[in-house]
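Have a look at the structure below before the remarks.
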Amino acid sequence: MKKFTQKRIYAYDIGDGLVLLNIITRNEQGKMHCIDTYIGSESNVFVCVGNDRELDAPGAICSYQSYVKMQESNLPVLKDIFETNMGVK
242 MKKFTQKRIY AYDIGDGLVL LNIITRNEQG KMHCIDTYIG SESNVFVCVG
292 NDRELDAPGA ICSYQSYVKM QESNLPVLKD IFETNMGVK
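Adding 241 to a residue's 1-based position in the sequence shown gives its number in our numbering.
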């Protein structure tokens, strides 16, 4: 059986009882294909708050470090998306 993709999960405590998960999917060549971002609460409910696709396309330039820096600067917006989808706001 041939494995076509690999996934890696990074979890970050972002305060207020919330966890941010980045799930990185790599293609069969080991290149980063997409990043899906979720925020979850202590009740284990997770909401997708962002994604970046086709990172392995020709000419695409993206590093995980730059993606995390972008998330850090947009954290209030990501939390707002989570709260809106959870009906908190």
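The beta carbon of each residue, even a glycine, is placed where N, CA and C say it ideally should be.
Residue nearest to residue i in terms of C-alpha spacing, selected from the options
| i | options | result |
| --- | --- | --- |
| SER284 | GLY271, ILE265, ASP297 and VAL260 | VAL260 |
| ASN315 | GLY291, MET273 and CYS275 | GLY291 |
| ASP293 | PRO317, ARG267, THR325 and GLU324 | ARG267 |
| ALA301 | LEU319, HIS274, GLU324 and VAL318 | HIS274 |
| PRO317 | SER307, GLY256 and THR246 | GLY256 |
| MET327 | LYS248, GLY258, VAL288 and THR246 | VAL288 |
Rounded C-alpha distance that separates residue i from residue j
| i | j | result |
| --- | --- | --- |
| ILE264 | TYR253 | 12 Å |
| GLN270 | ALA298 | 12 Å |
| ILE322 | CYS303 | 23 Å |
| LYS272 | LEU262 | 19 Å |
| GLU324 | ILE276 | 21 Å |
Residues that residue i bridges to, as DSSP identifies them
| i | result |
| --- | --- |
| PHE287 | GLY281 |
| ASN326 | Paired residues: none, contrary to the question. |
| ILE302 | Paired residues: none, contrary to the question. |
| ARG249 | ILE265 |
Local Cβ density within 10 Å of residue i, reported as buried at 16 or more and exposed below that
| i | result |
| --- | --- |
| ILE250 | exposed |
### Message
Three Cβ pairs or more, each shorter than 8 Å: is that satisfied between the region 279 to 286 and the region 305 to 312?
### Response
no
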